[in-house]
Every structure is written in structure tokens, then in C-alpha cells.
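Data block below; observations after.
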Amino acid sequence: MKVHFLILYFSLGLTLLSGMPNQILSINVDFFSEQIQLNYHPSILLAEMVRVEEKSMVNFFQQLEKSNYQVLLDDLIAKKQQFQLNDWLSFSLLNKSLDDLFDRQHALQQRLTAWFFLSKMGFDTRLTYLGQKVFIYVYTNDEVFEVPLIEDKGRKFVNLSGINQPTNPNEALYLLNFSPNAKGKSFSFYLDQLPTLSPIIHEQTYTFNYKDTTYQLIVKTDQTVKELMSAYPIFAETKYLEVPFSKAIATSLLPQLEKILERRSEKEKLELLAAFTRSSFNYMEDKKVFGKSKPMIADELFLYPYSDCEDRSALYYALVKNLLNLPMIIIAFSDHLTLGVATNELSGPAIAYKGKHYFICDPTGPANSSAVGQFPQGYEQKKFHIIGEYK
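According to my numbering, the sequence shown holds residues 47 to 437 in order.
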């Protein structure tokens, strides 16, 4: 029924639509674990032909400004707040909605409409093109990898159309001489919080040893997080450590660890958490598992059968932050990531940084051990950089 409806509107064009100024329609968009209803006015489905030419694409944008685009824009903003979506996820929801509204024969109109709405959301956008290909760029201050970038007027723009899509980074593109929102805000990819999408809960058991005692943890995981992050662009390494636990992990794992940590010294707490991260998960490098680099947030260690040093650093960082609230630094060797913790209860080689002394608490190894405060074996004399901190 929906397909016939869309074909009817595309064939009859704006003349018919203009006769129904108050008609509000809705679509149900499958968005990860949710089905989200969005309202829109059919006047945004421009029937006129558009070509990959500057004058034609600018005219298309200007014609959309005459439509009742505010209905969909307002609903997208409302859904962003309701589900606590960041900019990237809001754009993903926009794209999913336009996928449902446009058929494949109108792919150019769909992309230009996405560019239009992104601009109306307040972002500084650019449009590039070559042949019949059109790409949407957005201004950002975030570090994003494996995606084409351009610079214009001192600002960095990321190719949103090129994320998770094959692109040629050396391809020379034409830049549309039209900036609809040249002073627009920066687009954010970072996850200060996970969205409040419906969880898909699985239960798993983890076992580790500390001081001749075996501990068993029953952890609830949210499979929605796995789906969410599998489609997510790769961003700055340190920002993965900052992503908080999902509600499922926070309410199942943390209370159990809190109970185990009761009445222990600070040193013992750091040792016990290290024993957990070192021994509860199977180690394997990303390239062997995924065929490429796959940074993980803390939640993802519970969602995959293997993890590496970056992933375990994210988990240990989250555990120390939530359970001990001690200052930490993120330490990067050329081929290893680890953490330093500021504490008065450890001795050994310390790293002086901004007036505090940090002791390495390596979350990766050795497996089946709990000793902390020493450099990882083989890294005692290697150079390192401090790439982040938790104060």
C-alpha cells in the first residue's frame, strides 16, 4: 500500500500536494530495536526532476524550503530527545526515514533531501559531486577515521555518505558553490551516553580467580548495543573509553563487583578488577577476528567472544571510574594500550603526570594473574605517550 501511495504522489507532483496543505502522514521506521513513528508532510517529496548540476541542485534545495518540511524536522528533533540520540544516530534515523519515503528511482532526490534536513538541523554542510555521484559533507571537530575529509574556509568536513561505503579518497570532486548554513554548528560522533533504545537482554556467566577464590558473575548484556556499534564509524581511540556502560551492564555487573570489593584495600580492589579483565575474556587481535581494526566500548567485551588490549582498557577504565573513582591516565605504546592509576597503595615504577604519580594497572595480562603496579613484560624500556586522562 505504501509503495503505490508513493508512486501516486511522485507521478501527480506538487500540484496535487499543494491542494492538501494540512495533510500530515506518518511512517514507521525500523531503527535498531525500535519501530519509530515519524510524521511528515508529503510536500517534501518533490516530484520535479533534478540533475547533478549546480543550478539544478541549488534549485532543489530552494524548492524544499517552500515545502512543509517543518513537520518531519520537528519530529526528528523530538525523537532525538526521546531516545537520547547523538548527531550521528539522529542522521541515521533521518536516512532510514528517507529510505522508506523514496524509492530507488529517486536516489538523488533522497540524498539531496537528507542534505537539506541536515542543514535545517543547524549543521554546516557541503555537497560534492562527480558524474552522477553526490556526497554529503558536514563540519565536525571530532576525530573520525576511514572516511574522506575535505577542508573549506578553515573547517574540516566529513563525508557522511562515505561512512561504511566504498569510496575513493583520492577522487577529485566538485564542491557545490552553495553553503546553506555556513555558520552552522559542529556535528558530533562521540557517544557521551548510549541511546535509550529498547534493550535486547541476554544473560552470560563469567568466572575468574583472585587469591585462591573463584568468583562467578552473571551479567546481563544488551544486544542492541552490538548492533548499534557494528554500524558505527570509527572515532578517536580515547573516546571509546569514555562511553558509559549500558543500563543492562551497569545494573547487573556493578552491584556484584561492589559486593566483592567490600572491605578490601585500594590495592586489592585494583588487583581484583585486573584479575577480572585479564581472565574472564578470550584474547585475540582485531585483525584476526574482524579482518580490520575494531575498537570497542566497554559493553562490547561482553558481546563478542574475543577482545584485545584496547578493549580491555575500555572495560578496566569504566570499572575503576564507576567503582573506585580514582584518577587514571591512558598510556599508548606503539603496539599496546594500558592504564595508569593514581593511588598511594602501590609501589614500583611510577609515571609522573600533572602533579600525580600513576602506577600501571594493565588490564590485559598476564592471564590468570592479578599483580599491578609494574610495566607489562617487555615494555619496561619502550617509549609511550599519554593520550588521555580521567581526573
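No residue lacks a Cβ here, since even glycine has one placed at the ideal position from N, Cα and C.
1) Note down the Cα distance separating K142 from A282, rounded to an integer number of angstroms.
2) Nearest to D381 by CA position, among D332, D238 and K166, is which residue?
3) Measure the Cβ-Cβ separation of T410 and C355 and say whether it is below 8 Å.
4) List the residues that DSSP assigns as beta-bridge partners of S113.
5) Helix, strand or coil for M95? Go by DSSP, reduced to three states.
6) How should G200 be labelled, buried or exposed, when 16 other C-beta atoms within 10 angstroms of its C-beta is the threshold for buried?
7) Within 10 angstroms of the Cβ of K428, are there 16 or more other Cβ atoms? Answer buried if so, exposed if not.
8) Are the CB atoms of L287 and Y404 nearer to each other than 8 Å?
9) For the beta strand (DSSP E) that contains R201, what are its first and last residues?
10) Suppose you measure from the CA of N85 to the CA of D120; what does that come to, to the nearest Å?
11) With which residues is G434 paired in a DSSP beta bridge?
12) Does the beta-carbon distance from S234 to N132 come in below 8 Å?
13) Report the partner residues of S72 according to the DSSP bridge assignment.
14) Give a yes or no on contact between the stretch 310 to 321 and the stretch 225 to 232, applying the rule of three or more CB pairs nearer than 8 Å.
15) Within the continuous beta strand (DSSP E) that includes Y363, where are the two ends?
16) Name the two residues that bound the continuous beta strand (DSSP E) containing R45.
17) Out of F181, G177, Q302 and I377, which one is the CA nearest neighbour of Q156?
18) Less than 8 Å between the C-beta atoms of Q269 and L349, yes or no?
19) Counting along the chain, where does the alpha helix (DSSP H) carrying K229 start and finish?
20) Starting from D268, trace the beta strand (DSSP E) both ways and give me its first and last residue.
21) Should A417 be labelled buried (16 or more other beta-carbon atoms within 10 Å of its own) or exposed?
22) Does DSSP classify L219 as helix, strand or coil?
23) S72 to E273, Cα distance in whole Å?
24) At what residues does the alpha helix (DSSP H) containing V418 begin and finish?
25) Check each candidate in L158, K112, D238 and L140 and name the one with the smallest Cα separation from A124.
26) Rounded C-beta distance between T384 and D408? I'm assuming under 8 Å.
27) If you draw a straight line from the alpha carbon of H50 to that of L369, how long is it in whole angstroms?
28) Could you tell me whether any Cβ in chain C is nearer than 8 Å to the Cβ of H248?
29) Using only CA atoms, which one of F163, L158 and F77 lies nearest to F129?
30) Buried or exposed, going by whether 16 or more other CB atoms sit within 10 Å of the CB of I209?
31) Can you tell me which residues form a DSSP beta bridge with T384?
32) Going by beta carbon distance, what residues of the same chain come within less than 8 Å of E435, once the five residues before and after it are set aside?
33) By the 10 Å Cβ neighbour count, where 16 or more other Cβ atoms means buried, how is L58 classified, buried or exposed?
34) T251 bridges to which residues according to DSSP?
35) Per DSSP, what kind of secondary structure is D238 in: helix, strand or coil?
Judging by the given coordinates:
1) One C-alpha to the other measures close to 26 Å.
2) D332
3) yes
4) DSSP lists no partner for S113.
5) coil
6) Per the 10 Å Cβ criterion, exposed.
7) Taking a 10 Å sphere around the C-beta of K428, we find fewer than 16 other C-beta atoms and assign the residue as exposed.
8) no
9) R201 to N205
10) 9 Å
11) I376
12) The answer is yes: Cβ separation under 8 Å.
13) N85
14) Because the criterion of three Cβ pairs below 8 Å is not met, the stretch 310 to 321 and the stretch 225 to 232 do not touch.
15) Unbroken run through Y363 is the alpha helix (DSSP H), C355 to L369; no beta strand (DSSP E).
16) This structure cannot settle anything about residue 45, because the visible part of the chain is limited to 47 through 437.
17) F181
18) yes
19) Run containing K229: none; DSSP gives neither H nor E here.
20) T259 to D268
21) Exposed: under 16 other Cβ atoms inside 10 Å.
22) In the three-state reduction of the DSSP assignment, L219 falls in the coil class, being assigned neither a helical nor a strand state.
23) If I take the Cα positions, the gap works out to 26 Å.
24) Note, V418: premise wrong, no alpha helix (DSSP H); not H, not E.
25) L140
26) Contact holds; Cβ gap of about 5 Å.
27) Reliability of the predicted coordinates at H50 is poor, the pLDDT of 32 falling under 50, and no value is obtained from them.
28) Here there is only one protein chain, and chain C is not present.
29) With distances taken between Cα atoms, F129 lies closest to F77.
30) buried
31) I377
32) Counting only Cβ-Cβ distances below 8 Å, and skipping sequence neighbours, we find P373, M374, I375, I376, Y399 and K400.
33) The pLDDT assigned to L58 is 32, lower than 50, so where the model puts this residue is not dependable; a value taken from the coordinates is nonetheless given after this. L58 comes out exposed.
34) I264
35) coil
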